[in-house]
Amino acid sequence: MNRFHVASAMFMLAASSAMASPDKGPRVLSADASTAAPASQQTTVQPSDYVTGAWSLYRSVFMTPEGRIVDRENGLVSHSEGQGYGMLIAVASDDQPGFETLWSWTERQLKVRDDNLAAWKWDPTKTPHVTDMNNATDGDLLIAWALLRAYRKWGIREYLRESQAIVGDIVRHATADSPLGKVLLPGVQGFAAVDRSDGPVVNLSYWIFPAIAELGEAMPDLRDLHLEQSGIAMLKRIATSKEKLPSDWTSLAGGNPEPADGFSPTFGYNAVRIPLYLAWGPDVDPKLLRSLGKPWSNEGEAGLAAVDVTTGKYTEPMIGTGYEAIRDVISCSLTGNGSIRRAKRFEISTYFSSTLQILSLMALSERYPQCF
């Protein structure tokens, strides 16, 4: 029995206990690896066990038997981002059957373009289920990263070939020149300078710094684009601008990053991932990370809120343990210690918040195990 099965059993026991406990509010599936079994039955809990146990619970709620991750709050759709996240977490949890099921569904249902990239959205209510053939480049990066890690963990060379093919087409079709260097386009269509008067338009949460670094080590074509440098350059330029924080969608048409036309100028549900990816990556700039952590300094009832970057005003509360878990990652990265109690107690809530919480656990276990 590997650690996936041990940690899964421990977490499911704790989750069952949590579900059976009476409470006055809405019930939330939750578990904590450190208390998931009686002391006499526990093995030594490793940081990665928090990821493995959380994945077991997450998989039981969000993954169908066919292998699709379901966004329950968004019309039960699936998307390449969710498939990539699921595959990545399955590898981290040493869940090879789960990974293979996810990848098989992704290949059959989303790899329907003429290139090696994935269609971004699958809708169970539409026929055909894919109605928009555009890709989402962060989803492609996540899938390629998961495949590379799967190859390294289980030695299946086909996973490496698939990862290389995806990365090759990201480089060929989903990058563009900018005054700050090569940048990732959010999709092949619709974001370049030829597509928009304020193009290129980028989404800085698509700079998944640990993925770009790992894939770049294995694939020189990606490494030679120096995407990490362009992402950091944009974030630093924004940190010293009047906006201070990146909006979800950013125009580079004028040379300096600024909120893109037609999008809300908000540090919101996209941009919230930027400090997580920065802290998870190989080169952390503490000053920049501290600046990106400012939305978490809103210590009101909500804890975290979206920010209108043009006014600095908090707009919408972002409620969920996944958002609070990112605060733990920021704190641990900046201090080298500190409490990560929010991240450690995994809770099933929305698809996105639950996913962010497991990603935070992965970042902590891989980069900051001393904080457990």
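Those letters in the sequence shown? Residues -20 to -1, 1 to 352, per mature numbering (1 follows the signal peptide of the UniProt record, and there is no 0), in order. Idealized CB from N, CA, C, for every residue including glycine. The model shown is predicted, which means the values in this text are computed figures rather than measured ones.
Check: Buried versus exposed call for Val174 [16 or more other C-beta atoms within 10 Å across all chains shown]; Outcome: exposed
Check: Segment contact flag, the region 71 to 81 with the region 100 to 117, C-beta cutoff 8 Å, min 3 pairs; Outcome: no
Check: Residue interval of the beta strand (DSSP E) (run including Gly325); Outcome: Before going on, a small fix: residue 325 reads as Arg here, not Gly. Per DSSP, Arg325 belongs to the beta strand (DSSP E) from Arg325 to Glu327.
Check: Residue span of the alpha helix (DSSP H) that contains Lys293, given as start and end; Outcome: Here Lys293 belongs to no alpha helix (DSSP H); instead the beta strand (DSSP E) covers Lys293 to Pro297.
Check: DSSP state of Glu281 mapped onto helix, strand, coil; Outcome: Residue placement at Glu281 is flagged as unreliable, the pLDDT there being 45, under the threshold of 50; a coordinate-derived value is accordingly withheld.
Check: Where the alpha helix (DSSP H) through Leu215 begins and ends; Outcome: Leu207 to Ala219
Check: Bridge partner(s) assigned by DSSP for Phe247; Outcome: Val287
Check: contact_flag[the region 335 to 352, the region 294 to 309] where n(CB pairs < 8 Å) is 3 or more; Outcome: yes
Check: Best match in Ala145, Lys133 and Thr107 for proximity to Ala124 [C-alpha to C-alpha]; Outcome: Ala145
Check: Contact the region 195 to 202 vs the region 219 to 238: 3+ CB pairs below 8 Å; Outcome: no
Check: Three-way DSSP call (helix, strand, coil) for Asp3 in this model; Outcome: Reliability fails at Asp3, whose pLDDT of 33 lies under 50, so the model's placement of it is uncertain and no value is given.
Check: Residues sharing a beta bridge with Val182, DSSP; Outcome: Thr230
Check: Backbone secondary structure at His59 - three-state DSSP; Outcome: strand
Check: Opposing strand residues paired with Leu164 [DSSP bridges]; Outcome: Thr155
Check: Distance CB(Pro255)-CB(Leu272) smaller than 7 Å; Outcome: yes
Check: Euclidean distance between Cα positions of Asp12 and Ile299; Outcome: 20 Å
Check: Check whether Ala240 and Asp178 have beta carbons under 7 Å apart; Outcome: yes
Check: Neighbourhood of Ala213 by C-beta, 8 Å cutoff - its chain only, sequence neighbours within 5 removed; Outcome: Leu160 and Gly161
Check: Cβ pair Leu68, Leu122 closer than 7 Å; Outcome: yes
Check: Reduced DSSP category for Ser334 - H, G, I as helix; E, B as strand; rest coil; Outcome: helix
Check: Rounded separation between Gly280 and Leu164 - CA only; Outcome: Per-residue confidence for Gly280 stands at a pLDDT of 49, beneath the threshold of 50, marking its modelled position as unreliable; the derived number appears in the next sentence. Whole-angstrom Cα-Cα distance: 35 Å.
Check: Inter-stretch contact at 8 Å, needing at least 3 Cβ pairs: the region 89 to 107 / the region 33 to 43; Outcome: no
Check: Buried or exposed by the 16-neighbour rule on C-beta atoms within 10 Å, applied to Arg152; Outcome: exposed
Check: C-alpha distance - Ser277 paired with Gln26, whole-angstrom precision; Outcome: 30 Å
Check: Inter-residue spacing [alpha-carbon to alpha-carbon] between Arg141 and Ala130; Outcome: 12 Å
Check: Start and end residues, alpha helix (DSSP H) containing Tyr257; Outcome: Ile254 to Trp260
Check: Nearest-angstrom Cβ-Cβ length linking Glu238 and Ser244, presumed shorter than 8 Å; Outcome: The pair is not a contact, with the Cβ atoms about 14 Å apart (cut-off 8 Å).
Check: Three-state secondary structure assigned by DSSP to Pro45; Outcome: coil
Check: Leu344 to Ser36 span [Cα, whole Å]; Outcome: 18 Å
Check: Leu207 versus Arg132 - alpha carbon distance; Outcome: 23 Å
Check: Beta-carbon separation (whole angstroms), Glu87 vs Thr330, contact threshold 8 Å; Outcome: That pair is no contact at about 27 Å.
Check: Reduced DSSP secondary structure (H/G/I, E/B, other) of Lys222; Outcome: coil
Check: Spatial distance of Met(-2) from Leu284 (CA atoms); Outcome: With a pLDDT of only 40 at Met(-2), under 50, the local geometry of the prediction cannot be trusted, and no value is derived from it.
Check: Separation of Glu194 from Asp3, as counted between CA atoms; Outcome: Any reading at Asp3 must be qualified, since the residue scores a pLDDT of 33, below 50, and its modelled position is unreliable; no value is offered.
Check: Distance between Ser210 and Val309 (C-alpha atoms, nearest Å); Outcome: 23 Å
Check: CB of Pro349 within 7 Å of CB of Trp260, strictly; Outcome: no
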